[in-house]
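Novice: Position one of the sequence shown corresponds to residue 0 (numbering that gives the first Met the number 0), numbered consecutively onward.
We treat Cβ as the ideally placed atom computed from N, Cα and C, and that holds for glycine.
Since the model is a prediction, treat every value here as computed from it, not as a measurement.
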Amino acid sequence: MGMFDSLIVSCPDCDGHIEFQSKSGECILRNYTQDNLPTEVAIGMNGDIESCGKCGKSLKLDCLISPYARIVLNDASLGDSA
Ligand SMILES: [Zn+2]
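Right, here's the structure in full:
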C-alpha cells in the first residue's frame, strides 16, 4: 500500500471533515491543514474532488501558484460555471 500525505479541511456545510490525499511531497502519512500545507503536497492534490463523509458535500481543490501558493476549495456540485 502506498504512502500519502493528507490535507484535512472542515466541511463548509456541517461539522464534518473532508480529507484530500497527495502522493507528491514527502508522503510520510502526515496530516496537514490549509495553514501548513507544503506547496509540493498542494500541487499533488490539484483538481482532486473529495466528499464529506457526513453530509456528502463535494469539494474540488484547486492549487493556485501565483501570486503565492495557496489552495482554493470550490463546491464541486456547481460544476465549472465559476
Ligand atoms: Zn459535511
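Is the stretch 52 to 59 touching the stretch 25 to 40 in the sense that three or more CB pairs, one from each, lie closer than 8 Å?
Specialist: In short, these stretches do not touch, since the Cβ pair count stays below three.
Novice: Check whether the Cβ of residue 12 sits closer than 7 Å to any heavy atom of ligand 1, and report yes or no.
Specialist: Yes, the Cβ of residue 12 comes within 7 Å of a heavy atom of ligand 1.
Novice: What is the rounded straight-line gap between the Cα of residue 15 and the Cα of residue 66?
Specialist: Taking the straight line from one Cα to the other gives about 31 Å.
Novice: Could you give the DSSP three-state label for residue 17: helix, strand or coil?
Specialist: Correct three-state label for residue 17: strand.
Novice: How would you write the range of the beta strand (DSSP E) that residue 7 sits in, first residue to last?
Specialist: Per DSSP, residue 7 belongs to the beta strand (DSSP E) from 4 to 9.
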